[in-house]
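A.B. asks: Mapped onto mature numbering (1 follows the signal peptide of the UniProt record, and there is no 0), the consecutive letters of the sequence shown carry residue numbers -23 to -1, 1 to 297.
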Amino acid sequence: MSPFRILSLVALLWLAFTVPSRADAPTAPKVVASVKPVHSLAAALMLGIGQPKLLVDGTASPHSFSLKPSDASALSQADIVFWMGPTLEPFLVKPLASLARGAHIVTLIEAPGLRPLALRSAGAWADGESHQDGHPHLVPAVVGGAADNQIDGHAWLDPANAKAMARAMADALIQHDPADAARYRDNLAALLRSLDALDAEIGAILAPVSAKPFVVFHDAFHYLEARYRLDGVGAITLNPEVRPGAARLSQLRARIQASGATCVFAEPQFETALIGTLVDGTQAKRGVLDPEGALLPAGPDLYATLMRANAHALAGCLGG
């Protein structure tokens, strides 16, 4: 046998014993995300490594979601579960305790640096809930224990909170998968840069309409209002699954007329007949806002697409 063939054989044998097979290679962590905006941030952090599993897909609502068998299976096999918390996703409280006992549960409303806000009442908001000297008055929340039930879970609608969430998610991913730490850090850095640019873009879109009053279907936009100093004056309902009574609708009609509200915003997955009842005979127009991306395809681009769509919907209706 020639020296060249001997060296080639030795090299092949060395590769066979030192290079791991595909089956032996490290696998991406099994990650489950509760809602589309959370899933979008997780997907951006996991680019080039793996894909998270989304629970609340399509036009389903986290307020009333029921787990499918495939969802239960995913939770039972999960390494990491990202969710906002019990106020937004009450359907997950028991399954996390019973099915995901071996997973690292990351409650993102508790992410370091995230600024939680309290739930407001439905109907016309009192001045202490919505305005102070012509600007939105923030209602900070305290996270922990029973107080969690009073926290607005839609925190991602403030890009500064989305950044805090992304950092907490990256920390959990790196802790579980240190072999890919460099990739997670690179993805996080790119995501944070994009969130800063998005924040500036949305601020420019919304600045001209920040003083225009409006009403939303349910109180899901507190963080968006606070971030961009918007003038929300009321919500049709606190829980989108509960139809408001005649007294609340009458109160809101009076508020719309008294405040000069320009628009009343529906949400894509809920009935719009109530919007017609409210705006008929008033100066207000109809619009659509989407807190969770119900009609958008899930993936790493959803978050930015969602935020831009809501900004343009507000600017278009309030400025028209």
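All C-beta atoms in this analysis are idealised placements derived from N, C-alpha and C, irrespective of residue type, glycine included.
Measure from the alpha carbon of A80 to the alpha carbon of each residue in G258, I86, L150, A159, then state which is nearest.
C.D. replies: With distances taken between Cα atoms, A80 lies closest to L150.
A.B. asks: In the DSSP assignment, what residue or residues form a beta bridge with T259?
C.D. replies: T259 pairs with nothing; no bridge assigned.
A.B. asks: Does DSSP put residue 299 in a helix, in a strand, or in coil?
C.D. replies: Because the chain spans -23 through 297 in this model, residue 299 falls outside it and cannot be assessed.
A.B. asks: For S41, does the count of other Cβ atoms within 10 angstroms reach 16, so buried, or fall short, so exposed?
C.D. replies: It counts as exposed.
A.B. asks: Would you mind listing the alpha helix (DSSP H) stretches within the segment 220 to 247 that are 4+ residues and don't spill past its ends, in chain order?
C.D. replies: Segments of the alpha helix (DSSP H) lying fully in the segment 220 to 247: 223 to 236.
A.B. asks: Jot down the residue ranges of each uninterrupted alpha helix (DSSP H) in the segment 8 to 52, minimum 4 residues, whole runs only, in chain order.
C.D. replies: Listed in chain order, the complete alpha helix (DSSP H) runs (minimum 4 residues) inside the segment 8 to 52 are 13 to 22.
A.B. asks: Bridge partners of G62, per DSSP?
C.D. replies: Note: G62 sits in no beta bridge, so no partner.
A.B. asks: In the structure shown, what three-state DSSP assignment does L279 receive?
C.D. replies: The answer is helix: DSSP assigns L279 an H, G or I state.
A.B. asks: Which residues in the same chain have their Cβ closer than 7 Å to the Cβ of L183, if we skip the five residues on either side of it in sequence?
C.D. replies: So the list reads Y205, L207, A288, L291, A292, once near-sequence residues are dropped.
A.B. asks: Return yes when the Cβ of I86 is within less than 8 Å of the Cβ of G130, no when it is not.
C.D. replies: Their beta carbons are under 8 Å apart, which means G130 touches I86 by this criterion.
A.B. asks: Would the segment 272 to 281 and the segment 5 to 17 be scored as touching if the rule is three or more Cβ pairs under 8 Å?
C.D. replies: At 8 Å Cβ cutoff, the stretches touch.
A.B. asks: Is the beta carbon of H199 less than 8 Å from the beta carbon of R97?
C.D. replies: Yes, Cβ-Cβ distance for H199 and R97 is below 8 Å.
A.B. asks: For V241 versus L255, is the C-beta distance shorter than 8 Å?
C.D. replies: Yes.
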